[in-house]
Ligand SMILES: Nc1ncnc2c1ncn2[C@@H]1O[C@H](COP(=O)(O)OP(=O)(O)OP(=O)(O)O)[C@@H](O)[C@H]1O
Ligand code: SF4
Ligand SMILES: [Mg+2]
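Numbering (the numbering used here), first residue to last: 6 to 369.
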């Protein structure tokens with residue numbers, strides 16, 4: 006069996022929130038992350054996918070200790086950071102960074118771009134003012150922004166440019182692990198590809214480990230090495246991206262793949278459809294949490310919770326029938342993209358080095 010170098014690992018990780026209190030009775034508990042065991046391998050891009058509300062952002066924040074877990078451990082480089090003291094975490098913060106979905110809300114509108122990108126270096130007492138300026142200029146160039154932006158303010162930039170600023174700020178400390186919580190989903194499709202390509206190039210150049218939360222499975226297929234599929238606070242399937250897309254073992258994964266627009270992946274529609282109520286992490290179904298929506302459910306699914314078991318080389322699924330179901334993935338070959346997706350990314354890779362003039366601020 007191949008031994009992977011694990012940089013970040015969770016064990017039985019849980020995050021519970023107090024739900025809204027009803028008029029009568031007690032407030033119920035929201036089990037946003039419910040017993041997750043996850044290993045992130047050094048240097049990989051791991052995508053976490055799943056419907057809205059399944060706990061992706063909560064897991065992302067727990068991974069870099071932006072919030073403490075209710076239970077379980079988060080081990081970074083052999084050290085449990087789940088309940089680490091704030092001062093110790095401040096030191097580790099330079100290694101573990103976060104890219105937010107909406108860069109505008111995470112950028113202080115009263116700070117210039119130069120000050121915003123420099124700030125993490127000042128916090129970590131990096132070098133002299135001159136050293137920091139050199140680093141900021143280098144980072145701006147890497148994300149395709151000219152040095153002249155340093156005296157400008159966030160509101161002067163488009164969404165795509167602001168996300169480049171957010172990436173520069175996250176990467177300036179030389180982190181080892183970067184978590185992107187839907188880093189491109191608020192952007193126009195064309196700008197998405199630019200920002201994704203920047204992230205990919207930086208990952209390769211700087212040897213980063215990336216964990217990407219994404220809704221767009223075409224983006225996931227383009228970027229990720231491995232995928233973890235979440236449903237109601239749990240990981241229900243995990244595996245290498247091409248294998249998992251081509252040959253899903255969990256009906257929920259198959260339904261997510263079936264929902265990808267055909268043009269994006271060159272696939273036929275799969276028979277599996279995602280129907281029924283959206284997930285509610287307050288009233289969790291018994292047995293397999295997916296059973297009320299699963300067209301393959303049997304008696305055991307209603308009562309017994311399936312474990313995340315191995316289904317093949319580097320493949321895991323939490324389904325009682327994973328080894329007997331024949332589910333449809335996409336029709337395509339290996340890791341290659343459809344011509345449409347390939348063209349989209351090639352086009353914007355070429356464009357990504359070119360900054361739109363600052364006076365051509367777009368609405369993206
Ligand atoms: N601070 C909080 N207090 C109470 N409940 C919360 C809190 N943060 C998240 N939740 C709940 O936890 C569940 C998981 O939320 P989370 O934001 O992690 O989901 P998500 O998968 O990121 O969704 P989306 O795709 O919409 O961003 C949701 O039911 C959400 O309402
Ligand atoms: S365990 Fe049963 S209900 Fe759950 S995904 Fe598998 S077949 Fe469907
Ligand atoms: Mg989220």
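Heads up, the beta-carbon is just placed ideally off N, CA and C, and yes, glycines get one too. This structure is a prediction, so every number in the text was calculated from the model and none was measured.
Using DSSP bridges, identify the partner residues of residue i.
i           : result
residue 81  : 13 and 84
residue 23  : 34
residue 249 : Note: residue 249 sits in no beta bridge, so no partner.
residue 320 : 317
residue 41  : 18
residue 183 : 102 and 215
residue 53  : 218 and 233
residue 240 : 235
residue 76  : 19
residue 46  : 11
Would you check if the distance between the CB atom of residue i and the CB atom of residue j is smaller than 7 Å?
i           : j           : result
residue 383 : residue 106 : This structure cannot speak to residue 383, because the chain is shown only from 6 to 369.
residue 287 : residue 222 : no
residue 215 : residue 246 : no
residue 39  : residue 292 : no
residue 330 : residue 321 : no
residue 148 : residue 203 : yes
residue 20  : residue 218 : no
residue 104 : residue 171 : yes
residue 123 : residue 139 : no
residue 174 : residue 121 : yes
residue 307 : residue 296 : yes
residue 77  : residue 17  : yes
residue 79  : residue 15  : yes
residue 126 : residue 137 : yes
Find the nearest neighbour of residue i within the set the options, judged by alpha-carbon distance.
i           : options               : result
residue 86  : 23, 30 and 12         : 12
residue 90  : 201, 82 and 71        : 71
residue 158 : 41, 172 and 109       : 109
residue 156 : 117, 167 and 134      : 117
residue 317 : 226, 243, 146 and 137 : 243
residue 161 : 88, 113 and 129       : 113
residue 309 : 324, 225 and 301      : 324
residue 333 : 56, 299, 285 and 259  : 259
residue 56  : 135, 303, 311 and 280 : 280
residue 58  : 79, 36 and 126        : 36
residue 178 : 197, 49 and 211       : 211
residue 99  : 129, 326, 74 and 226  : 129
residue 169 : 111, 137, 115 and 52  : 111
residue 51  : 261, 187, 229 and 26  : 229
residue 189 : 206, 213, 220 and 176 : 220
residue 187 : 32, 45 and 63         : 63
residue 96  : 227, 181 and 263      : 181
residue 208 : 29, 8, 49 and 195     : 49
residue 289 : 33, 163, 9 and 8      : 33
residue 199 : 224, 315 and 176      : 224
residue 73  : 94, 300 and 193       : 94
residue 300 : 46, 146, 152 and 326  : 326
Could you tell me whether any non-hydrogen atom of ligand 3 is closer than 6 Å to the CB of residue i?
i           : result
residue 20  : no
residue 195 : no
residue 140 : no
residue 62  : yes
Kindly say whether residue i, judged by its beta-carbon, lies nearer than 7 Å to any beta-carbon of chain B.
i          : result
residue 14 : Checking the listed chains, one finds no chain B in this structure; it contains a single protein chain.
Taking 6 Å as the cut-off, is the C-beta of residue i nearer than that to any heavy atom in ligand 2?
i           : result
residue 263 : no
residue 125 : no
residue 160 : no
residue 370 : For residue 370 there is no data in the structure shown, the boundaries of the chain being 6 and 369.
residue 109 : no
residue 253 : no
residue 250 : no
residue 318 : no
residue 311 : yes
residue 297 : no
For residue i, is the beta carbon positioned less than 6 Å from some heavy atom of ligand 1?
i           : result
residue 59  : yes
residue 73  : no
residue 290 : no
residue 37  : yes
residue 180 : no
residue 286 : yes
Q) Are the segment 250 to 258 and the segment 229 to 237 touching by the rule of at least three beta carbon pairs closer than 8 Å? A) Contact holds between the segment 250 to 258 and the segment 229 to 237, because three or more Cβ pairs, one in each stretch, are under 8 Å apart.
Closer than 8 Å is the cut-off here; do at least three beta carbon pairs connect the segment 35 to 55 with the segment 65 to 81? These segments touch.
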